[in-house]
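Going by this note's numbering, the first residue of the sequence shown is number 255, and it counts up by one from there. Just so it is clear, CB atoms sit at the ideal spot from N, CA and C, and this is done for glycine as well. Worksheet: the structure to be examined is printed underneath.
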Amino acid sequence: MDIQGSKILVLGGYGLVGTAVCRELLARQPQEIQIHSLRLDESEQAREELGSFAGDTVLSVSGGDIFGLLGEAGPKELARAQFEMLRTDDFQRFRLYELLVQGRPQIVIDCVNTATTIAYRDIFKASNAVARALDAGGLDEELVETLLESLYIPRLIRHTQVAYRGMVDAGTRVYMKVGTSGTGGMGLNIPYTHSEERPSRVLLSKSALAGAQSMLLFLMARTPGAPITKEIKPAAAIAWKKIEHGPIRRRGETLYKLEAEPRPVGERFSSYDPDAARVLDDPLEAVYIDTGENGIFSLEEFSTLTTAEQMEFVTPEEIARYLIFEIEGGNTGHDIINALDNAVLGPTYRAGLLRHWALERMNELQREHGTRSVAFEMLGPARITKLLFEAHLMHHAFATMEVVRAATPEEVRDGLDEMVRGERRFLAEEAAAVGIPVLLASGEVIRGPKVIVPADLTDEPVTPEKLEAWVHDGWVDLRLENCRLWIDRFERIRGEIDGVPDSDSSSRHLRNRRFWDGQHRIQPGKVVGWILSEEEHGGRVKA
255 MDIQGSKILV LGGYGLVGTA VCRELLARQP QEIQIHSLRL DESEQAREEL GSFAGDTVLS
315 VSGGDIFGLL GEAGPKELAR AQFEMLRTDD FQRFRLYELL VQGRPQIVID CVNTATTIAY
375 RDIFKASNAV ARALDAGGLD EELVETLLES LYIPRLIRHT QVAYRGMVDA GTRVYMKVGT
435 SGTGGMGLNI PYTHSEERPS RVLLSKSALA GAQSMLLFLM ARTPGAPITK EIKPAAAIAW
495 KKIEHGPIRR RGETLYKLEA EPRPVGERFS SYDPDAARVL DDPLEAVYID TGENGIFSLE
555 EFSTLTTAEQ MEFVTPEEIA RYLIFEIEGG NTGHDIINAL DNAVLGPTYR AGLLRHWALE
615 RMNELQREHG TRSVAFEMLG PARITKLLFE AHLMHHAFAT MEVVRAATPE EVRDGLDEMV
675 RGERRFLAEE AAAVGIPVLL ASGEVIRGPK VIVPADLTDE PVTPEKLEAW VHDGWVDLRL
735 ENCRLWIDRF ERIRGEIDGV PDSDSSSRHL RNRRFWDGQH RIQPGKVVGW ILSEEEHGGR
795 VKA
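Next up, the structure:
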C-alpha cells in the first residue's frame, strides 16, 4: 500500500517503537499521523519531538485507555463489558471503537504491548486473595470484582472483537501489530522474574496471551472484509531511547542516597523499617539507558541483559523499517501471520477423496435403516441445525429446488404445514427431539421437553421481539415470510447456475451445474453451506 497521502493511526505512538515508526512514516509523507497514547500529554510530547520531521504531514494527538469504556466506568461495568454478549449498539461504548470510526485511518499500526497490559493485571494475585477470603469466610464484593476484571481471555477476545469491528466500520485497509514473545526470545529457563518462582507465572501469562493474540490475528487475516493483517513479533529486548546521567527513578519513584550503619539482623525482620537508615535529600544519580516501556537499566544491567546467550536486543528502528516494508508490499520474512499461514496444516487431497466415500457410506446406511441423519445440534450454533431441518423438510415436501421456485410462498407454506400435521409429522418431531422447536404458520409449535433456544429460561414472558429472536437463532420456521425467503434462496442459486455458460467446463466455477446436481435435488448440507458462505458471510478464504 502507498503510505504517501494516507491517514495513519499509531497506537502507542509515544513509546519506543511507536516513536521510531512515526519517524519512518514521516519520510514517506502521509497525509496525517494520529499519535495515540494512554495519556494525552504523552501524545503531545511525541508530537513536539516529531514536529521538526513532519513537513506537510498533519500530526494529530489523542489519549485514553484503548481497553476501556467511554466516560466514567466503575469496576463492575468494566468487568461486565468483557463478559456480556456483544450487540451492534455496544461497540459505541468502547474507546477503541470511537477512536477508529472517528479518525477513519487507512492504516493502523499497533505498538501497544497488549499482552503485558492485560497479563500484568495479575490473575494469580487476585485469585489468591479470593481463595484466602473464602478460607476465612469473608469474601467481599471488591475481591470478586478485582478477580473478574483480571481475567485474561475475555478481555483479549473483547479487545479483538472491538478492534476488528472498528476497523471494518472505519474502512481500514491495513493493520500492523508489534507483538511480543513475552520472554525476550528466551525459553522457560528465563532467569529474569518478577520476584516469583522461576519462570515467573506472570511472565508466562504474558507469553500465553501474546500467542493467543497472534492466533486471533491469524483468524482476522482469514476474515473476508477485514483489513490486511500482519504482525512483527520481536524475540529480543528492544533498546534504546536515550543514554543519560541523572536521578534514578524506579516505578515512578525517585531513589535517594542513604546513610546506613551496620546493625544486627535481630530476631524479627520487616521489609519496611524507616529506622534502618537515614534517607538523604540527594537523589541517587548514575548513568542509565532508557529502554522505553521496559524502563531504565544501569550499565551493568544492560550489559548482562544483552550479552551472548541472554536476551540480546533489537533496535526500534529495525522494527519500524520491517513494519513499513511490509505495509508497502515487501516480504521481510518476519510476519508471524504469514508464517502461521505457511505452517498450519490445511485441508488435504487425501481427505477430499475420503469425504466422498464417507458421504456415500452414510447414505447407504441411512437407506438401509430407514432413518434420517439431519442434525444433532452438535455442530453449533443452533441456527445451523434449524437451517438444516428447514432444508430437510423442503426436501421431503418438494424434492427439488425447481419445484419450490415454481411455487408461491403460500403454496410452500401450505405444503409444509400439511406434511408436518399429517402422516409425516415425525419429520418435525425429529427436529424437536434434538431441541429445535418447529413453529407452524398458525403460531402453534411442535417442541420437546427441552429446547436449546432460548436456554435456561423459566416462565419467561413471550413478546414478539423475543419470539423472532428465538426463531432466528434456533427454531424451524414454517411461516409465510420464511417460505418466501427459501424461494428467494433457490432463485439466487439458480441465478448462480445460469451464470455459468454451458460451454465452460473449466475449473473456474466451484458451484456449477454438476455441484448442484442436474436434477436440482434439495441437498441440505450443500444448501446450508451456501447460506453460511453467502448470507452469513462465514466462508473460508484461505486453504
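Extent of the continuous alpha helix (DSSP H) run through residue i
i	result
residue 413	406-424
residue 571	570-581
residue 744	734-752
residue 783	778-788
residue 614	603-623
residue 640	636-652
residue 714	Here residue 714 belongs to no alpha helix (DSSP H), and DSSP marks it neither H nor E.
residue 354	349-357
residue 671	663-675
residue 660	655-660
Beta carbon proximity, residue i to chain C, threshold 9 Å
i	result
residue 645	The question asks about chain C, but that chain is absent: this structure has only one protein chain.
Coarse secondary structure for residue i, derived from DSSP in three states
i	result
residue 440	coil
residue 288	strand
residue 219	A question about residue 219 goes unanswered here, because the residues of the chain that appear run from 255 up to 797.
residue 688	coil
residue 731	strand
residue 475	helix
residue 565	coil
residue 491	strand
residue 507	strand
residue 556	helix
residue 237	Outside the displayed range of the chain (255 to 797) lies residue 237, so it cannot be described from this structure.
residue 700	strand
residue 364	strand
Top-ranked residue by Cα proximity to residue i, from the options
i	options	result
residue 786	632, 773, 637 and 353	637
residue 599	683, 796 and 292	796
residue 318	350, 709 and 626	350
residue 353	701, 265 and 741	265
residue 441	678, 467, 565 and 520	565
residue 728	738, 740 and 709	709
residue 529	361, 516 and 437	516
residue 302	593, 360, 277 and 447	277
residue 779	290, 268, 647 and 500	647
residue 579	485, 310 and 563	485
residue 291	771, 283, 300 and 682	300
residue 402	740, 469 and 328	328
residue 552	713, 499, 296 and 325	499
residue 699	502, 683, 395 and 623	683
residue 544	506, 493 and 574	493
residue 411	321, 690 and 443	321
residue 542	790, 534 and 556	556
residue 703	689, 694 and 713	689
residue 591	501, 506 and 464	464
residue 487	434, 521 and 384	434
In DSSP terms, what residue i is bridged to
i	result
residue 500	540
residue 378	Paired residue(s): none; residue 378 is not in a bridge.
residue 394	Residue 394 pairs with nothing; no bridge assigned.
residue 317	291
residue 513	532
residue 589	486
residue 550	544
Span separating the alpha-carbon of residue i from that of residue j
i	j	result
residue 758	residue 751	12 Å
residue 735	residue 661	14 Å
residue 763	residue 784	14 Å
residue 673	residue 686	15 Å
residue 419	residue 497	41 Å
residue 380	residue 339	24 Å
residue 439	residue 568	11 Å
residue 697	residue 626	26 Å
residue 744	residue 738	10 Å
residue 654	residue 478	31 Å
residue 330	residue 399	6 Å
residue 359	residue 663	46 Å
residue 711	residue 722	16 Å
residue 483	residue 391	49 Å
residue 691	residue 701	4 Å
residue 422	residue 471	14 Å
residue 514	residue 534	10 Å
residue 510	residue 414	43 Å
Heavy atom of the ligand ATP within 8 Å of residue i beta-carbon
i	result
residue 370	As for the ligand ATP, it is missing from this structure, which has no ligand bound.
Endpoints, the beta strand (DSSP E) within which residue i is located
i	result
residue 340	No beta strand (DSSP E) contains residue 340, which DSSP labels as neither H nor E.
residue 430	428-432
residue 372	No beta strand (DSSP E) contains residue 372, which is instead part of the alpha helix (DSSP H) from 368-373.
residue 764	Unbroken run through residue 764: none, as it is neither H nor E.
residue 264	261-265
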